[in-house]
Amino acid sequence: MAALDAFDYKEPACALCGGKEFYYPDPDAPEGHIPVEQVFGKLDSLLAKEDNAGAKRLLVYWVAEAQALRDKRGELSVQSEVMGLARKTGDREWGMAAVERGLALIDELGVGGLVSAATILLNAATTCKAFGDPRRALALYARVEAVYEAELPENDLQRAGLYNNKATALTELGRFDEAQRLYERAYAVLEQNPHTEPDRAVTKLNLADLLAAAGKGEQAVEAKLMEALALLDDPAARRDGYYAFVCRKAAQAFGYYGFFRIRKELDERADRLYAGA
């Protein structure tokens, strides 16, 4: 006796439907979708208060929800945010787990050629670099660059992000000339966009680190630090949550190089902004 086929005993839900999804449902099809925009809105509000613990609880919860719903696209978006928060908090295990899962999801979804997925690859690369694997980071940056060069205009801010982050990996590997050229490309893109003073300040701080690593002398390093400070002091810079984050990062850099008064002032500037968020 021949085995029964689904067509023998199921009634179609719709006479106009082809029947494939009804008779042979995809076991990997999502059962629903997480509210990504609302999740990110809540995440932004937590980060604006520097509530990193609350942000981690939020992301852990929504990763689990996305997985329960088999919402791979939603999970991919949240895993990208995990990478960023893990870098900020120094949580290597959590961050690298998000990298591996994010890369797997990009492959499963077949979206590696999209700008949105390339931006997540950029986040993964930066996480690899932050947690001690600059060579793997460079391989991922190459994938990002292939997409950005094909899809984005010359002055797109995402290009600046790629150049800056790739340059940090090159610096760590001692490839100083290549890194400096990329920082200069990043700065040129940023100058073509309004309200980029904090990002330009970060580029100057990165250049200070490069010059220090390359043994270019204290005066050269100090010059880049002061250029970064001037950008943060620029009245045109928007005093928002991102500005506070950059001030905190800059404070650490100035403290590292012995400028303790400036470090204190920048930390206090960040504190005031976070308190008022």
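In the numbering used here, the protein residues as written are 1 to 277.
Heads up, the beta-carbon is just placed ideally off N, CA and C, and yes, glycines get one too.
- Taking 8 Å as the cut-off, the beta carbon of T119 is found closer than this to the beta carbon of Q158.
- Between L59 and L85, the CB-CB gap stays under 8 Å.
- Ranked by how close their Cα comes to the Cα of R200, the residues L109, A212, G161 and F259 have G161 in first place.
- Looking only at L109, F260 and R272, the smallest Cα-Cα distance to K72 is reached by L109.
- The beta carbon of W62 lies closer than 6 Å to those of I34, V39 and V78 in the same chain, with the five residues before and after it left out.
- Assignment of I262 by DSSP, reduced to helix, strand and coil, places it in the helix class.
- The three-state reading of DSSP puts L114 in coil, since its state is none of H, G, I, E or B.
- In the displayed model, R101 falls within a helix according to three-state DSSP.
- In this model, A55 and T196 are separated by some 26 Å (Cα to Cα).
- Between A251 and L232 a beta carbon distance of about 10 Å is seen, past the 8 Å cut, so the two are scored as non-contacting.
- When the Cα atoms are used, A214 and A230 turn out to be separated by approximately 24 Å.
- Taking the Cα of A236 as reference, the smallest distance to any Cα among M226, Y256 and N193 is reached at N193.
- Rounded to the nearest angstrom, the Cβ distance from G74 to R87 is 21 Å, too far for a contact under 8 Å.
- Using a C-beta cut-off of 8 Å, the stretch 42-53 makes contact with the stretch 269-277, since at least three inter-stretch Cβ pairs fall below that distance.
- Taking each of R181, V147 and G174 in turn and checking the Cα distance to V111, the smallest one comes out for V147.
- Taking C-beta separations shorter than 6 Å and ignoring five residues to either side along the sequence, the partners of L211 in its chain run A220 and V221, following chain order.
- Residue environment: N155 is assigned as exposed (fewer than 16 neighbouring CB atoms within 10 Å of its CB, all protein chains considered).
- A169 and K129 do touch by the CB rule: their CB atoms are close to 5 Å apart, below 8 Å.
- Assigned with DSSP and collapsed to three states, Y141 falls in helix.
- Rounded to the nearest angstrom, the gap between the Cα atoms of V36 and C247 is 28 Å.
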